[in-house]
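Accompanying notes for the structure given below.
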Ligand code: HEM
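Residue numbers (UniProt numbering), protein chains in the order written: chain G, 1 to 327; chain S, 1 to 519.
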């Protein structure tokens with residue numbers, strides 16, 4: 001296939017992926033909405049998500065508590081509607097992720113390198129990593145409750161990518177021609193993808209914590225409890241943090257190759273450092289006696305805010321050596 | 001009755017001890033980390049003098065009120081400012097104060113035995129109680145083997161119990177990580193004290209020798225003696241520059257694609273010359289400094305003659321690129337002209353054209369090079385102060401006017417062309433174009449230490465975040481023999497994890513499974 005054809009197929013695949021993922025997002029939203037417990041005593045007992053169960057199993061074989069509620073006339077359909085919406089959402093997510101991966105791979109073939117040379121490619125690859133991480137993880141546990149909070153941001157980022165960040169595929173500037181680009185930026189993207197999912201789970205944790213305190217009825221009651229959510233978020237962060245540490249080290253090695261000095265306090269480097277320090281503070285806050293877990297979660301969310309600043313603002317508006325946004 | 005509570009008085013030592021305890025607490029460390037993050041941000045918002053002095057000066061001119069105040073507060077030199085140093089020095093003091101005692105403790109723990117098993121281990125977090133075949137001794141031996149295989153350190157304080165512990169690597173990793181951070185700081189400091197960096201703009205055909213006087217700018221660390229520079233030499237034979245020529249991709253025409261400097265390098269004054277190349281991601285190691293190719297541009301060759309036709313200036317004159325198409329600015333200073341010094345200032349355009357906004361370049365390659373110059377006459381160096389070679393100080397000069405007009409004289413010279421200056425001042429010739437390479441020579445004797453420490457920190461981090469610290473305690477006692485009179489044993493196992501760690505139950509179940517293989 002010629003580069004032109006590849007470019008066309010890549011975009012076609014990207015548009016299809018966005019369409020499918022948008023539908024998946026809607027299905028996940030319906031899934032959550034229909035989870036809302038009916039105003040009924042029995043609903044209290046409706047199946048809780050079972051965190052340790054393999055994905056799908058707990059849905060396919062409702063436990064006795066579920067059946068009790070499910071066979072009550074009237075509100076019985078709610079969980080089953082939620083169940084089918086969740087199933088549809090999961091299938092659409094897998095399809096969308098495959099299309100998205102195909103789009104990224106074809107972009108890479110088109111430009112004959114890792115598709116990580118400008119903001120558009122970065123957003124494309126980053127979203128692909130997020131979706132692959134989510135799909136991979138949901139093979140091991142039931143993560144339908146998280147689907148909306150992953151597909152939503154992914155669709156948003158892809159939307160930004162094709163509208164304001166889009167540039168045609170092109171060869172790289174000389175300073176970007178290095179295998180360090182592949183190492184540094186791939187790990188950075190993967191790490192940001194995990195921080196992103198971690199931020200979504202942490203936000204859900206804070207929300208869940210709030211709901212539990214109020215004792216209010218909400219579809220949140222069907223999600224994992226706040227303690228569980230907090231631990232899941234932590235688990236994601238302790239994978240992402242060493243990856244980010246590696247990213248910063250690899251970036252420094254590359255900076256010395258390309259610019260002569262491993263650290264120049266260029267705006268991009270400043271923000272990578274800030275992100276690293278904020279997440280280190282999060283890990284500390286979690287083990288500091290007298291600090292509430294909620295506050296630790298807020299620090300982690302601040303860390304993700306810094307990632308958004310680093311990617312969305314520093315890349316585009318700040319003057320520095322990392323001028324590769326292609327805009 | 002007196003209601004006064006007499007507070008014990010803290011002496012100076014008491015206060016110091018209190019302050020030290022505060023400083024080395026986790027809370028303070030957390031706070032300092034957050035302050036460090038916030039403190040680093042202004043350096044990305046305001047231009048930094050050490051990185052871009054021109055932009056900093058511009059900012060100060062544009063903000064006459066805020067500028068000087070922020071300058072006094074160190075906002076244009078954030079990473080060298082006293083307050084930023086205060087933050088990280090406090091943080092590292094806290095770090096040392098925190099980590100050293102922990103290291104001592106950990107070294108002791110590494111040599112110590114796991115503690116005695118509690119009376120009822122099955123009351124611990126994860127537990128298992130079962131009655132199995134065999135004597136208590138046989139059961140203990142099976143458990144001992146299993147735990148050893150699972151890399152537990154196993155010990156026994158009496159005949160009917162086992163204590164086992166694993167995951168010492170977690171704390172080792174934690175300490176290695178924190179200590180390695182100190183190594184990074186030391187490496188950075190070594191680089192600052194003993195490293196130097198110097199920049200030079202070298203036109204094609206010219207030779208650079210590694211001595212202080214040949215550098216355009218040279219910033220040595222306080223411990224560097226410029227007399228110790230190794231006198232290697234480097235001649236720029238040719239600089240190749242490739243730009244995008246494909247017109248079909250939007251916004252990409254003229255984007256840089258490759259820069260290669262072909263140089264002739266001699267590692268010492270007497271050594272034979274070797275052909276080498278320097279590219280953007282491939283610096284040249286000289287043995288005393290690494291040479292990086294950090295910039296490039298054009299040096300139009302310009303000749304100025306006086307009225308008699310005698311050459312009074314003839315040189316490749318570097319101009320600095322101002323945009324992606326290498327519209328470049330520069331100046332030609334001719335001190336020996338008569339009756340007064342002559343100065344030319346203006347633009348070089350590799351592919352020149354005149355648009356409604358003035359002279360512009362259409363493409364970065366020298367397809368149709370032009371010079372656009374204005375001319376000044378007077379005193380070039382009025383106060384003898386050093387000045388930029390790319391700019392004309394016109395404070396003691398007057399601009400020449402076009403003949404019969406009060407408009408400034410503008411010269412538009414195509415490569416190969418010569419133009420006579422008005423009033424019998426001679427002529428200027430644009431002979432042709434050469435390229436120059438912007439080379440930066442740097443040494444950093446601390447970089448290996450920094451890199452080693454950073455990798456150690458990464459390894460420590462992975463160990464501390466992934467390894468689990470777990471303890472297992474076992475007690476056995478004789479149980480009723482079975483129907484055939486064989487010996488049975490009651491085993492009570494308890495497992496404890498240092499942090500809330502859900503895997504403990506699974507690990508215990510796995511261990512119990514494997515014990516059967518050892519029986
Ligand atoms: C340069 C700044 C520092 C950085 C980047 C840093 C980073 C970290 C990280 C990433 C962790 C892992 C937390 C976890 O196990 O989840 C950690 C743990 C720890 N840090 Fe720091 N730290 C720094 C300074 C300090 C200071 C100043 C202290 C002492 C006051 C300290 C004491 C500790 C302790 C005691 C732990 C282990 C907590 C546990 O028992 O799990 N750190 N640090």
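We put the beta carbon where it would ideally sit given N, CA and C, even for glycine.
Say yes only if the C-beta of residue 128 (chain G) is nearer than 8 Å to one or more non-hydrogen atoms of the ligand GDP, and no if none qualify.
The ligand GDP is absent from the structure shown, which contains only the ligand HEM.
Please find out if some non-hydrogen atom of the ligand HEM comes closer than 8 Å to the beta-carbon of residue 272 (chain G).
No, since every heavy atom of the ligand HEM falls outside the 8 Å radius drawn around the Cβ of residue 272 (chain G).
Does any heavy atom of the ligand HEM sit closer than 8 Å to the C-beta of residue 295 (chain G)?
Look at residue 295 (chain G): its beta carbon is at least 8 Å from all of the heavy atoms in the ligand HEM.
Starting from residue 131 (chain G) and walking both ways along the beta strand (DSSP E), at which residues does that stretch end?
Not the beta strand (DSSP E): residue 131 (chain G) falls in the alpha helix (DSSP H), residues 119-138.
Opposing strand residues paired with residue 399 (chain S) [DSSP bridges]
Under DSSP, residue 399 (chain S) takes part in a beta bridge, and its partners are S:376.
Between residue 442 (chain S) and chain G, is there a C-beta pair that is closer than 9 Å?
Proximity of residue 442 (chain S) to chain G, defined by a Cβ-Cβ separation below 9 Å, is satisfied.
How many Å lie between residue 514 (chain S) and residue 146 (chain S) at the Cα?
Rounded to the nearest angstrom, the two C-alpha atoms are 7 Å apart.
Output the boundary residues of the beta strand (DSSP E) element that contains residue 88 (chain G).
Element bounds for residue 88 (chain G): not the beta strand (DSSP E) but the alpha helix (DSSP H), 77-111.
Neighbour flag for residue 112 (chain G) against chain S, beta carbons, 9 Å:
For residue 112 (chain G), the answer is no, since every Cβ of chain S falls outside 9 Å of its Cβ.
Would you please verify whether the beta carbon of residue 209 (chain G) is less than 9 Å from any beta carbon of chain S?
Answer no: the Cβ-Cβ gap between residue 209 (chain G) and chain S never drops below 9 Å.
Short of 8 Å Cβ to Cβ, which residues in the stretch 432-463 of chain S face chain G?
Answer in chain order: 440, 442, 444, 447, 450, 451, 454, 455, 457, 458, 461 and 462.
Do residue 240 (chain G) and residue 272 (chain G) have their C-beta atoms within less than 9 Å of each other?
With contacts defined by Cβ atoms closer than 9 Å, residue 240 (chain G) and residue 272 (chain G) do not form a contacting pair.
Chain S beta carbons: is any one of them nearer than 9 Å to that of residue 44 (chain G)?
No answer about residue 44 (chain G) holds up, because its pLDDT of 43 lies below 50 and its placement is not dependable.
DSSP-derived helix/strand/coil call for residue 166 (chain S)
Of the three classes helix, strand and coil, the one that applies to residue 166 (chain S) here is strand, per DSSP.
Taking the alpha helix (DSSP H) that residue 153 (chain S) belongs to, which residues open and close that run?
For residue 153 (chain S), there is no enclosing alpha helix (DSSP H); the residue is part of the beta strand (DSSP E) that begins and ends at 153-155.
Restricting to Cα atoms, I'd like to know which of G:259, G:146, G:122 and G:185 is closest to residue 208 (chain G).
Taking residue 208 (chain G) as reference, the option from G:259, G:146, G:122 and G:185 with the minimal CA-CA separation is G:146.
Check whether the stretch 267-286 of chain G and the stretch 33-48 of chain S are in contact - that is, three or more C-beta pairs closer than 8 Å.
Cβ pair count under 8 Å is three or more, so yes.
Rounded to a whole number of angstroms, what is the C-alpha to C-alpha distance between residue 485 (chain S) and residue 141 (chain S)?
When only Cα atoms are considered, residue 485 (chain S) and residue 141 (chain S) end up about 22 Å apart.
If we count the other Cβ atoms within 10 Å of its Cβ and call it buried at 16 or more, is residue 408 (chain S) buried or exposed?
The C-beta of residue 408 (chain S) has fewer than 16 other C-beta atoms within 10 Å across all chains shown, which makes the residue exposed.
Quick check: what's the CA-CA separation for residue 55 (chain S) versus residue 444 (chain S)?
Going by the C-alpha atoms only, they are around 26 Å apart.
Cβ-based contacts, 7 Å cut-off: residues of the stretch 41-52 of chain S near chain G:
Within the stretch 41-52 of chain S, the qualifying residues are 41, 43, 44, 48 and 51.
Can we count residue 95 (chain S) as close to the ligand HEM, meaning its CB is less than 8 Å from some heavy atom?
For the ligand HEM, at least one heavy atom lies less than 8 Å from the Cβ of residue 95 (chain S).
Examine chain S for any beta-carbon lying closer than 9 Å to the beta-carbon of residue 246 (chain G), and answer yes or no.
Taking 9 Å as the CB threshold, residue 246 (chain G) lines the interface with chain S.
Going straight from the alpha carbon of residue 304 (chain S) to that of residue 313 (chain S), what length do you get?
CA-CA distance, residue 304 (chain S) to residue 313 (chain S), rounds to 5 Å.
Taking residue 284 (chain G) as the query, report the chain S residues whose CB atoms sit under 7 Å from its CB, ordered along the chain.
Simply 26, 29, 30 and 33.
Residues in its own chain within less than 8 Å of residue 48 (chain S) by CB, not counting five upstream and five downstream?
56, 76, 77, 78 and 79.
When the Cα atoms are used, what is the spatial distance from residue 195 (chain S) to residue 309 (chain S)?
Taking the straight line joining both Cα atoms gives about 49 Å.
Can you confirm whether residue 104 (chain G), when its beta carbon is compared against all beta carbons of chain S, has any partner nearer than 9 Å?
For residue 104 (chain G), the answer is no, since every Cβ of chain S falls outside 9 Å of its Cβ.
Start and end of the beta strand (DSSP E) containing residue 295 (chain G)?
No beta strand (DSSP E) contains residue 295 (chain G), which is instead part of the alpha helix (DSSP H) from 293-308.
Just to confirm, is the Cβ distance from residue 285 (chain S) to residue 274 (chain S) under 9 Å?
Going by C-beta atoms, residue 285 (chain S) is not nearer than 9 Å to residue 274 (chain S).
Considering only residues of the same chain and omitting the five flanking positions on each side of residue 151 (chain G), which have a CB-CB separation below 7 Å?
Closer than 7 Å at the Cβ level, and outside the excluded window around residue 151 (chain G), lie 21, 24, 25, 28 and 93.
Check distances from the C-beta atoms of the stretch 334-348 of chain S to those of chain G and list, in chain order, the residues that come in under 7 Å.
Listed by position along the chain: nothing, the set is empty.
Would you mind sorting residue 113 (chain S) into buried or exposed? The rule is 16 or more other CB atoms within 10 Å of its CB.
An exposed status is given to residue 113 (chain S), since fewer than 16 other beta-carbon atoms sit within 10 Å of its beta-carbon.
Closest Cβ-Cβ distance between residue 8 (chain G) and chain S: below 9 Å?
Not a single C-beta of chain S is nearer than 9 Å to the C-beta of residue 8 (chain G).
So with CB distances below 8 Å, who are the chain S contacts of residue 290 (chain G)?
The CB of residue 290 (chain G) comes closer than 8 Å to the CB of 27 in chain S, given here in chain order.
Spatial neighbours of residue 160 (chain G) in its chain, beta-carbon cut-off 7 Å, leaving aside the 5 residues before and after
Closer than 7 Å at Cβ, skipping near neighbours: 123.
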